[in-house]
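Residue numbers (my numbering): 7 to 704.
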């Protein structure tokens, strides 16, 4: 039983009556099938058929009986349900008498009712044929039976229904219509079929409250006409009764005042670039050493290079005492040919923490995204909040891998003749604030100029060429300037090369020189590009245009000119009042810091870093711990102040077995971490005792 509209791709040809033009109209035009109260019968039929397929026979019979309750026995729309009920009775009980009686009910509703293909069987067909004879009914004389519809009132749809003597599988029924008096082609509608009933409707918007002339044809699967009601040259008429009142002419309204071209709410997405004056120090580049360029490289620079490498992105030792306390195992493992006492004595925390100075000049901020949201606070004033998110800084800084362990970094970066390093990027750079704009010109114009100002806070970064290559092996010497020793003054080995100034011809010295030469020869001579972070606060003016292209879309462009104010620095008096005397050594588990009660006033905390525990300054509620070099080292003075504070606080940390100790005992035996294994083994092989607190590895 078909319950869906079948749209055939072939032409519908009313036998010998429709012209070629009408046939073409069948292909091109479209119609709308309608749904009425008979939809409930269709839904009940589909539900019962599904239950039948799932062998829920009793439930299917109950559903059909419920749907048929209250219907008339001669309603053709009930014939499919009565036929399905007879088929289910036969499948459930096999009782031919009950099945024949049920088929008689179906035939009385529609003499031409048929069994669907999926339910059809020879036995059922015989019982249906017998039921037609027993019913006393006779076949209708017309193939298509139909009563013309009418619409009583304006805006009423015309609903067409025909009862056929059967629509074969693959066949269809078509409605052809046009307004009375229209000489154009008939429009075609493929009718919706349920059993032998076909329905369609013509909407009021389509017939325009005018009478309609029409005819209906039924086709088989081969597109052959089986019957019709009406014809092209003798159409039926569906009357439409509509009396429309002629509206009175309205007096012309006064023209409305011009609408405001500016929307009440603005949501802008801006893309931009910028330029500024860069000065100060680089974000990510420590002060670089050039021992091959007559730079006075001494023990101070050696000690600093080793501390920078071992600290990764953590904080450097705050003074020589901390250097000797923290760096002992690291110096023993990686600081040959000097001792920790020599290096600690030469160490200068302030100079070591300093970042490389940049040449003052114009620099660019390549690309930023600027979302903005605001609203009109007057006819010409707009107040908005904005962000400036720097998406591209242009930085190209390569360094040793700060996330690698010290042994891995020493082997893959520091002593590698062709170190690859990793690209280091500055932190997230965001600024934001408030902006006010005053729009010039007439309110109704779509293109408007504006002027205004902005005020806010945050940071931006300027792209700065540094004038030297990258330091991929992490020894604070540009790779293309690599050398094994200082040759412009007093001879000093350059870390990490084990150059013996007392015996330049030794195998170790010659090997160190060759190793440094390989690094220099293999180095990428491309200039290092770093950034300078500026900000804290910003203030400036803005000038631009706004073009309201559509109601909810506009284009804008603006030029901002302003100044940046540096972020405030902490007062030195704060750190002085927080000082406390050194505490005794902590007794916590390895890798954790321990301090006595007197250290509570110290503005530092101890956290487990990547290369052992590290000391991190306490920040305000809006800041985070563990800042990168870019966020931590924009100002050497600030870093020096932090280092001075650390030297007065009694912080001590036991050794993390996975990393070298960063803080150890101030006096007594030193706790030597796994980074000193090489030195300990060398001492054991030479018959010398290992340092106190450690035994030679087995």
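Every residue, glycine too, gets a C-beta built ideally from N, C-alpha and C. If you're wondering where the values come from, they're calculated on a predicted model, not measured in any experiment.
I believe residue i touches residue j by the beta-carbon criterion, under 8 Å. Please report the beta-carbon distance rounded to the nearest angstrom.
i: residue 565; j: residue 548; result: 7 Å
i: residue 491; j: residue 484; result: With 8 Å as the limit, residue 491 and residue 484 do not qualify as a contact, their Cβ atoms being about 16 Å apart.
i: residue 226; j: residue 174; result: 5 Å
i: residue 117; j: residue 92; result: With 8 Å as the limit, residue 117 and residue 92 do not qualify as a contact, their Cβ atoms being about 15 Å apart.
i: residue 203; j: residue 169; result: 6 Å
i: residue 519; j: residue 301; result: Rounded, the Cβ-Cβ distance is 18 Å, inconsistent with contact.
i: residue 366; j: residue 285; result: 4 Å
i: residue 543; j: residue 463; result: 5 Å
Helix, strand or coil, according to DSSP, for residue i in the structure here?
i: residue 327; result: helix
i: residue 482; result: coil
i: residue 572; result: strand
i: residue 6; result: The displayed coordinates of the chain run from 7 to 704. Any statement about residue 6 would go beyond what the structure contains.
i: residue 396; result: strand
i: residue 332; result: helix
i: residue 173; result: coil
i: residue 212; result: helix
i: residue 126; result: coil
i: residue 417; result: helix
i: residue 279; result: strand
i: residue 459; result: strand
i: residue 617; result: At residue 617, the pLDDT of 40 sits below 50, so the modelled position is not reliable; the number obtained from the coordinates is stated separately. In the structure shown, residue 617 sits in coil (DSSP, three-state: anything other than H, G, I, E or B).
i: residue 338; result: helix
i: residue 241; result: coil
i: residue 294; result: coil
i: residue 487; result: helix
i: residue 64; result: helix
i: residue 163; result: coil
i: residue 158; result: strand
i: residue 492; result: coil
i: residue 235; result: strand
i: residue 79; result: coil
i: residue 71; result: helix
i: residue 322; result: coil
i: residue 355; result: helix
i: residue 286; result: strand
i: residue 260; result: coil
i: residue 132; result: helix
Would a C-beta distance cut-off of 8 Å place residue i and residue j closer than the cut-off?
i: residue 287; j: residue 402; result: no
i: residue 58; j: residue 87; result: no
i: residue 120; j: residue 176; result: no
i: residue 223; j: residue 231; result: yes
i: residue 396; j: residue 467; result: yes
i: residue 336; j: residue 305; result: no
i: residue 423; j: residue 528; result: yes
i: residue 83; j: residue 44; result: yes
i: residue 572; j: residue 340; result: no
i: residue 95; j: residue 101; result: yes
i: residue 447; j: residue 272; result: no
i: residue 550; j: residue 570; result: no
i: residue 298; j: residue 489; result: yes
i: residue 185; j: residue 214; result: yes
i: residue 166; j: residue 182; result: no
Going by DSSP, what residue range makes up the beta strand (DSSP E) through residue i?
i: residue 306; result: Unbroken run through residue 306 is the alpha helix (DSSP H), 305–317; no beta strand (DSSP E).
i: residue 366; result: 361–382
i: residue 178; result: 178–185
i: residue 446; result: Counting along the chain, residue 446 falls outside any beta strand (DSSP E), and DSSP gives it neither H nor E.
i: residue 550; result: 535–556
i: residue 149; result: Neither: residue 149 is in no beta strand (DSSP E) and is coded neither H nor E.
i: residue 198; result: 198–200
i: residue 403; result: 403–405
i: residue 430; result: 428–430
Tell me which residue opens and which closes the alpha helix (DSSP H) that residue i is part of.
i: residue 528; result: 513–528
i: residue 503; result: Where residue 503 is concerned, there is no enclosing alpha helix (DSSP H), given that its DSSP letter is neither H nor E.
i: residue 58; result: 45–59
i: residue 105; result: 102–115
i: residue 95; result: 85–99
i: residue 346; result: 346–352
Determine, using beta carbons only, whether residue i comes closer than 8 Å to chain D.
i: residue 247; result: Of the protein chains in this structure there is only one, and it is not chain D.
Is any heavy atom in the ligand MN found nearer than 7 Å to the beta carbon of residue i?
i: residue 143; result: No copy of the ligand MN occurs in the structure displayed, which carries no ligand at all.
Meets three-Cβ-pair contact criterion under 8 Å: the segment 253–260 and the segment 353–371: No, they do not touch.
Does the segment 275–292 come close enough to the segment 194–209 to have 3 or more Cβ pairs within less than 8 Å? Not touching, per the Cβ criterion.
With a threshold of 8 Å, are at least 3 pairs of Cβ atoms found where one atom belongs to the segment 369–388 and the other to the segment 435–452? Yes, the segment 369–388 touches the segment 435–452.
Spell out a yes or no on whether the segment 510–520 and the segment 327–334 are touching, meaning 3 or more CB-CB pairs, one atom from each, closer than 8 Å. Too few Cβ pairs lie closer than 8 Å, so no.
Inspect the CB distances between the segment 211–220 and the segment 236–246 and report whether three or more fall short of 8 Å. Short answer: they touch.
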